[in-house]
Amino acid sequence: MRRYVAEWPYIERGLPLPTDAEVSGVTLSGLLNLWLDDRRQDVDADRLKLATWRQYRDVAEFMVDRLGRLTPVKALRPTDFATLHRAMVKKWGASPSVLSRVVTVARMPFKWGWESEAIPDAVRMGPRFKIASKADKREKRHQRGRQVFTAAEVRNLLDASSVELRAAILLGVNGGYSQREVAEIERDAVDLNAGWIDHLRAKTRQPRRVPLWKETIAAIKALPNNEPEPEAEGLLFVTRNGLKYVREYVNDNDKLIRCDVFGSAFGKLRRSIGIDLDHAGFGKLRATHRTVADAAGDANASQLIMGHALGEGVEEAYIRTIDDDRLVAVVKHVHDWLWPEEGGDAK
972 MRRYVAEWPY IERGLPLPTD AEVSGVTLSG LLNLWLDDRR QDVDADRLKL ATWRQYRDVA
1032 EFMVDRLGRL TPVKALRPTD FATLHRAMVK KWGASPSVLS RVVTVARMPF KWGWESEAIP
1092 DAVRMGPRFK IASKADKREK RHQRGRQVFT AAEVRNLLDA SSVELRAAIL LGVNGGYSQR
1152 EVAEIERDAV DLNAGWIDHL RAKTRQPRRV PLWKETIAAI KALPNNEPEP EAEGLLFVTR
1212 NGLKYVREYV NDNDKLIRCD VFGSAFGKLR RSIGIDLDHA GFGKLRATHR TVADAAGDAN
1272 ASQLIMGHAL GEGVEEAYIR TIDDDRLVAV VKHVHDWLWP EEGGDAK
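Counting in my numbering, the sequence shown runs from 972 upward without gaps.
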């Protein structure tokens, strides 16, 4: 049985039988477990979301199911990864963006294994096992049609929303916040007297500085003062039960449950007022903000508001800050787009 386990992956692939050194090499499941254990340290250090780690684990389980748990990493060939890619298309669909994320995750443990010397050589995956090209992604986006809200649609959403959702929507279109980012804003980062939010974006660890509209300030002031549980201590948004609006937890069956109050409420609201837009979740407010803000003609100011790196390439190391007047001009442009009849100051 030991000989079968050691030799069959090579026989199956038409490869020469392994030497003793190759037989003792790391298996696919062994490498994936080492990699997952290493990434779990990032979860414990709060550098990686538990939900993201679970996605890594799901892809790893899919890989060992298709390629063989005991298959030596050294025995894997480009044809194996081409087969794996076809299986991924069947499971996750042909969306270039989705497949790119899955392929990227699948490639990560092999790069990590080579860099950490868990495996002696880099693994050749072949020309098929690559992320989708930018051209493919652009074509897919074009096929979807309009992917941002109109000003009238945003106004209708605001008029029909609850107190909490109105504040969240305004932050989405005022500052390009996603629902998770809204849910994780800390009170200490918000200065309602001056009308600014100033913090690091959790995903990129980039500085983020956002001038607030008067409507956004009023909506934040109207939020109920709910007593937070420990997990929501210090947050701007707290549910009536004292919890985070977007959170993950593991149930008794070791299944990750994602509770997204903003996303669920936003979807119900959008459908109730008849906004028909493909994939139009709360995150489309972020895309709407950036699309409209682009016409303000100040890309770096928009980058700082969004929490992206300033400049391109080496410029990132030299551009340290953006004048507040430029940031205000960007959000004022978005404000005037949303309420063209008002004009006036952004704050």
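By construction, the Cβ of each residue, glycine as well, lies at the ideal position given by its N, Cα and C atoms.
A quick note: this is a predicted structure, and the numbers were derived from the prediction, not measured.
Could you spell out the range, first to last residue, of the alpha helix (DSSP H) harbouring Asp-1169?
Following the DSSP letters along the chain, one finds Asp-1169 in no alpha helix (DSSP H) but inside the beta strand (DSSP E) bounded by residues 1167-1171.
Sort Leu-1206, Tyr-975 and Trp-1006 by Cα distance to Leu-1194 and report the nearest one.
Ranking the options by Cα distance to Leu-1194, first place goes to Leu-1206.
Could you give the residue range of the beta strand (DSSP E) that holds Lys-1049?
Position check: residue 1049 holds Pro in this sequence, whereas Lys was assumed. Per DSSP, Pro-1049 is not a residue of any beta strand (DSSP E); the alpha helix (DSSP H) it occupies stretches across 1049-1063.
Enumerate in chain order the residues of its own chain whose CB-to-CB distance from Ala-1317 is below 7 Å, with the five nearest sequence positions on each side excluded.
Residue placement at Ala-1317 is poorly supported in this model, since its pLDDT is 43, which falls under 50; the coordinates still yield a value, given next. Within the same chain, Cβ atoms closer than 7 Å to the Cβ of Ala-1317 are found at Pro-1182, Trp-1184, Val-1299, Val-1302, Lys-1303 and His-1306, the five residues on either side in sequence being excluded.
With a Cβ-Cβ cutoff of 8 Å, do Leu-1007 and Asp-1013 count as a contact?
No, they are not a contact pair.
Rounded to the nearest angstrom, what separates Val-1094 and Arg-1048 at their Cα positions?
Distance between the alpha carbons of Val-1094 and Arg-1048: 8 Å.
Report the option in Val-1153, Ser-1087, Met-1277 and Asp-1265 whose CA atom is closest to the CA atom of Leu-1005.
Here the closest residue by C-alpha is Ser-1087.
Helix, strand or coil: which one does DSSP assign to Asp-1247?
Looking at Asp-1247 - three-state DSSP - the assignment turns out to be coil, as it is neither helix nor strand.
Contact the region 1237-1252 vs the region 1154-1163: 3+ CB pairs below 8 Å:
No: fewer than three Cβ pairs fall under 8 Å.
If the criterion is Cβ atoms closer than 8 Å, does the pair Gly-1278 and Gln-1150 meet it?
One thing to note: Gly-1278 has its Cβ no nearer than 8 Å to the Cβ of Gln-1150.
Go through the region 983-1027 residue by residue and report every complete run of the alpha helix (DSSP H) that reaches 4 residues or more, in order.
991-994 and 999-1015, all fully within the region 983-1027.
CA-to-CA distance, Arg-1037 to Arg-1028, given in whole angstroms
So the alpha carbons of these two residues sit roughly 14 Å apart.
Sheet register partners of Val-1161 (DSSP bridge)
Answer by DSSP bridge pairing, in chain order: Ile-1168.
Looking only at DSSP bridge pairs, what is Arg-1218 linked to?
Answer is Cys-1230.
Quick one: using the 10 Å Cβ neighbour count with 16 as the cut-off for buried, is Val-1044 buried or exposed?
With 16 or more other Cβ atoms within 10 Å, it is buried.
Based on Cα-Cα distance, which residue from Lys-1192, Thr-1187, Ile-1188 and Tyr-1216 lies nearest to Glu-1200?
Closest by alpha carbon: Tyr-1216.
Using 8 Å as the limit for Cβ to Cβ distance, is Val-1125 near chain D?
Going by chain labels, chain D is absent from the structure shown, which holds only one protein chain.
Evaluate the contact criterion for the region 1162-1171 versus the region 1115-1134: three or more CB pairs, one atom per stretch, below 8 Å.
Verdict: no, contact absent.
For Pro-1311, which three-state DSSP category applies?
Here Pro-1311 sits in coil by DSSP.
Hey, out of Asp-1017, Ala-977 and Ser-1000, whose CA is closest to Ala-1173's CA?
Among Asp-1017, Ala-977 and Ser-1000, the Cα nearest to that of Ala-1173 belongs to Asp-1017.
Shortest alpha-carbon distance to Tyr-1289 belongs to which of Arg-1297, Asp-1295, Ala-1280 and Asp-1296?
Selected option, being the one with the closest Cα: Ala-1280.
Among Pro-980, Gly-1064 and Leu-1070, which has the Cα closest to the Cα of Arg-1040?
Here the closest residue by C-alpha is Pro-980.
C-alpha gap between Ile-1244 and Leu-1128, whole angstroms:
One alpha carbon belongs to Ile-1244, the other to Leu-1128, and they sit about 8 Å apart.
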